[in-house]
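Heads up, the sequence shown is in UniProt numbering, so the first residue is 1 and it goes up one at a time. No residue lacks a Cβ here, since even glycine has one placed at the ideal position from N, Cα and C. Read the structure below first, then the notes.
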Amino acid sequence: MAKPGSAFNATRDVETSSGLNPGLIVLIVVLGSLVVFLVGNFFLYQYAQKNLPAKKKKPVSKKKLKKEKLKAGVRPPGD
1 MAKPGSAFNA TRDVETSSGL NPGLIVLIVV LGSLVVFLVG NFFLYQYAQK
51 NLPAKKKKPV SKKKLKKEKL KAGVRPPGD
């Protein structure tokens, strides 16, 4: 017959057997996912720089254009 404490000893033997620490497995998975994400972003950025058109500039309003000309010292017509 098995002793009542023998099941406890069997689980302790399983825990002490050589194997990967669960915390280490989680760390490897998280770091691996982070590396894959960063490398993917890098290649996507490189692809976008080569293949996407440049961002269009907003048109400058006439009011701003007039202010800039006044700052530069150019007199607008009619003044």
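7 Å Cβ shell around residue i - same chain, five flanking residues per side excluded
i   : result
L31 : none
Three-state secondary structure (DSSP) of residue i
i   : result
N21 : coil
A54 : coil
V29 : helix
G40 : helix
V35 : helix
Nearest candidate by alpha-carbon position, reference residue i, set the options
i   : options       : result
V60 : K69, P53, A54 : K69
K63 : G23, N51, K71 : K71
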